[in-house]
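Per our numbering, residue 3 is the first one in the sequence shown, and the count goes up by one each step. Where is the CB? At the ideal position from N, CA and C, for every residue including glycine.
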Amino acid sequence: QRSYGMYNETGFFPALCRHGFVLKVVDMVRSGELSKYPLSLTAHILNILGEVALAYDIGCKYKKLVKVHPLLKELAADKNFRPLVGTFHGYGHGRLCGLENLMTYVEGVGSEAGEGCEIFFSKSNALASTTRYTSRFHRQQAITTYLKHVDTFETYHGLSSLLCSKYRRALEVKATYGTLQTAMQELGMESQDVFETWRAKEKVHLLTLSKEPSEEMLEMEYYQKLVNLMDAEERVAAMRGVQVPFIPTEADDGYAEAAKRHHALELQARALTAVQELEVRLVVDTRWTPDGEKWATASKMVAKRQYQRVLDHLQGLIIARMFELAKCNMSGTGYKLRKHIAKLLQVRSKAVKAAIARYNEVAEAMTPPKPTLDWEDVIEYAFLADFNLLREGREDIRGEPWAQPAGQATMDQHYKLLRADEEIVRLNVEIHRFVTYMVDEEVFLIREEGCLKRYPPEDAETQPHRVELASQVRRARMEQAQFTTVHMTRLVKLSKVPGFTGNILTGTS
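Below, the structure written as structure tokens:
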């Protein structure tokens, strides 16, 4: 049993800060990536750090899970916990998810991509070959040693470089403000406040395509229940003329007639109850009749319902495909992200093909028949104006500015500028704290090392232990001090960049 115990741990689930330092690691035992691992990490981090935002590749689903978790939902609400989706994975979740959970559109997160774990895993995967057949103790020892080494000699060494590169990228984004103003003038926009309205309209439109309006659904359901009630009443009326003069045996034909009558009465009662319930919900004073206007309207709605549903589904897929295709071809999109979006578009094409086939089947059955679509025509659509079937939807969005490629690019640039401003504000705080930490840490370790060496005479017996401890303190100080010059050189160089508004002087801790 002990020999098979080495296969219990299947991996580890880490939590990293935005600078790449490992905050906490959880062993995954006899399982893959289960929800209990991020939930335990979230509870631990919220209790220590308080208000945080967490980027997770399935942050949209994880947010729903946290809201219903019996032990975590109250803590998450008190700490204003916000699960998000990283930039790399976010464009594969669909446009509707991205509008709500993508870090570009969330206030307060800066220009963070939220994909630090992907970079971390590219290096930590080398541990698999050395820990695969080790015992539990030696496995955890190897992982812990590796994490400490990475934090000390790689992440800490590259911290100043990370801060400087983030600052420069934010300044580059801010330099595009003039381009944004020009684009806004071309689109006839007077204020940047309209971008939030655009995003809200786009979100509402995509939500309406994902589900039918509740009032329309109730009216169509009420119409269908009325039709069912009329059919049940006709059956009961037809059976009332059948007389059963005696109580028949189960084998007699009269018994079957009585059973049919009983079943018809039950169906009539159920249909009547369903109609009455919907009349209460719809506040219907007078029951609809076949010669009424509302009956005729609902009849047409039911006939068109199936066509509308398949059209809404197809329209949502094509709109999402167009927006993602625009992002793939947008300037500033990296090569890896382009490949990632292209791969997702290729996979999603299967869903579009199936939706087109379903739409053509329903369109041909309409009276009169609706126009059909070919896959070759759909893949040629580059703009929403090319998709004529959008006029058949509940709302024609082809004239909306947020549905145009120029409007989408301008809105995306606006939110990037907002995040760049937040990033610079945060980096100014982090750089000042980092410089203060380096000075204070060195002063503190030098003082503690001196205290350990200057032992009083009555502690002569503990001299060897104090000297060894002082040596370890000196070693820790030298490990950090070897990077101080590199850090300060990078930060001084950054301070000379036009647009730098931070402070690289030592503060007060």
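Tell me, to the nearest whole angstrom, how far the beta carbon of residue i is from that of residue j; I am working on the premise that it is less than 8 Å.
i	j	result
Ala353	Leu319	6 Å
Gly116	Gly96	Not really, about 17 Å apart at Cβ, beyond 8 Å.
Pro85	Leu56	5 Å
Phe14	Val31	About 10 Å; that fails the 8 Å criterion.
Leu101	Lys205	5 Å
Glu451	Ala472	5 Å
In its own chain, which residues sit with a C-beta less than 6 Å from the C-beta of residue i, not counting the 5 before and 5 after it?
i	result
Ala45	Leu74
Leu36	none
Cys166	Arg492 and Leu496
Lys355	Trp377
Ala143	The question names Ala, yet the displayed sequence has Gln at residue 143. Contacts found: none.
Val312	Arg360, Tyr361 and Val364
Gly504	Asn430 and Ile433
Pro371	none
Arg476	Glu451
Please report the straight-line C-alpha distance between residue i and residue j, rounded to a whole angstrom.
i	j	result
Ser193	Leu419	14 Å
Thr136	Phe123	20 Å
Val111	Gln278	51 Å
Gln415	Ser131	44 Å
Val196	Tyr107	14 Å
Phe385	Leu98	With a pLDDT of 45 at Phe385, under the threshold of 50, the modelled position of this residue cannot be trusted; read the value that follows with caution. One C-alpha to the other measures close to 18 Å.
Met303	Tyr309	10 Å
Ile448	Glu109	42 Å
Cys119	Cys19	10 Å
Gln482	Gln474	13 Å
Cys453	Ala478	16 Å
Lys38	Thr199	38 Å
Ala78	Thr12	28 Å
Ile60	Lys168	25 Å
Val431	Met490	16 Å
His159	Gln484	9 Å
Lys150	Ala128	15 Å
Ser351	Gly92	18 Å
Asn103	Leu209	15 Å
Ser42	Pro72	13 Å
Val469	Tyr148	28 Å
Lys455	Thr486	25 Å
Ile121	Glu218	49 Å
Ala17	Lys498	34 Å
Arg283	Ala271	19 Å
Val544	Glu76	Given that the chain is displayed from residue 3 to residue 511, the structure contains no residue 544 and the question cannot be resolved.
Phe155	Gly180	41 Å
Tyr58	Lys66	13 Å
Val427	Ser511	19 Å
Arg141	Met480	29 Å
Val68	Tyr417	27 Å
Glu295	Gln183	52 Å
Short of 8 Å in beta carbon distance, which residues of its chain neighbour residue i, apart from the five on each side in sequence? Order them along the chain.
i	result
Lys63	none
Ala300	Glu221, Met222, Tyr224, Tyr225 and Trp290
Trp297	Tyr225, Leu228, Trp290 and Thr291
Asp153	Phe23 and Val24
Leu164	His21 and Gly22
Ala258	none
Ala408	Ala185, Glu188 and Leu189
Leu280	Leu220, Glu223, Tyr224, Lys227 and Val286
Between the beta-carbon of residue i and the beta-carbon of residue j, is there less than 9 Å?
i	j	result
Leu269	Ala240	no
Phe23	Thr146	no
Ser126	Arg171	no
Ala202	Val238	no
Leu48	Phe90	no
His434	Gly501	no
Tyr361	Leu316	yes
Lys81	Val54	yes
Ala365	Thr374	yes
Arg134	Asn10	no
Met191	Thr412	yes
Ile506	Val488	no
Give me, in chain order, the residues of the same chain whose beta-carbon lies closer than 7 Å to that of residue i; leave out the 5 immediate sequence neighbours on both sides.
i	result
Ala273	Lys227, Asn230, Leu231 and Ala234
Ala276	Lys227
Arg307	Met222
Measuring from the CB of residue i, is there a heavy atom of the ligand SAM at a distance below 8 Å?
i	result
Gln317	Summarising the ligand content, the structure contains no ligands, and the ligand SAM is consequently not present.
Mind checking if residue i is an interface residue toward chain C, Cβ cutoff 9 Å exclusive?
i	result
Glu424	The chain inventory of the structure shown lacks chain C, comprising one protein chain alone.
The stretch 166 to 184 contacting the stretch 423 to 432, beta-carbon criterion three pairs below 8 Å = Yes, they touch.
Contact between the stretch 178 to 189 and the stretch 428 to 439 (3+ Cβ pairs under 8 Å) | No, they do not touch.
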